[in-house]
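A short worksheet on the structure shown next.
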Amino acid sequence: CNLFNARLYKKQLRELVFKCLFDEQFEVRSVASITLSGFYQCGYIQVNKEDFEYFSQMSKIKYFIKKDGKKIIITDKIIKRHGGILGLCAIVLSSPYDISNYVPAALILLCEHLHDSDLIQV
């Protein structure tokens, strides 16, 4: 698909990629992150404050509860958290040759997830 011919579908493509970032399948989320990064990098979609804040909020979702001293993982919340982390990764990876406005803050947020469970580590 030539992105220059798909400008009419920019909103729908953005919504589709965002939806895929929070898919139950790990592989779908991973490819959606790479796709979003490519869209950001080529300028098809601009990184904006709303996207950054949304990914930031999603990456901070608590994904477990403690019951009787044991951690119980809540699947839909871990998917949302992972999608937020992958969105932040897309922002960072979209600027390989320079440092855009959102990259430093995204890196700081990603550092907070270095010790997350194996399911959502960066």
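Those letters in the sequence shown? Residues 1438 to 1559, per my numbering, in order. Glycine is no exception: its CB is placed at the ideal position from the N, C-alpha and C atoms.
Can you say whether residue i is buried or exposed, counting buried as having 16 or more other CB atoms within 10 angstroms of its CB?
| i | result |
| --- | --- |
| D1513 | exposed |
| F1492 | buried |
From what residue to what residue does the beta strand (DSSP E) around residue i run?
| i | result |
| --- | --- |
| K1499 | Looking at the DSSP string, K1499 is not in any beta strand (DSSP E), and its letter there is neither H nor E. |
| I1545 | Note, I1545: premise wrong, no beta strand (DSSP E); alpha helix (DSSP H) at 1540-1548. |
Do residue i and residue j have their C-beta atoms closer together than 8 Å?
| i | j | result |
| --- | --- | --- |
| L1450 | G1524 | no |
| S1470 | L1458 | yes |
Please report how far the alpha carbon of residue i lies from the alpha carbon of residue j, in whole angstroms.
| i | j | result |
| --- | --- | --- |
| A1527 | E1490 | 14 Å |
| L1546 | K1448 | 27 Å |
| H1552 | S1467 | 19 Å |
| I1510 | G1520 | 16 Å |
| A1543 | R1518 | 14 Å |
| H1550 | R1444 | 35 Å |
| C1548 | V1540 | 12 Å |
| G1480 | V1465 | 22 Å |
| K1456 | I1522 | 14 Å |
Where DSSP assigns a beta bridge to residue i, which residues make up the other side?
| i | result |
| --- | --- |
| I1509 | I1502 |
Residue i lies in the alpha helix (DSSP H); which residues open and close that run?
| i | result |
| --- | --- |
| G1480 | Unbroken run through G1480: none, as it is neither H nor E. |
| Q1449 | 1447-1458 |
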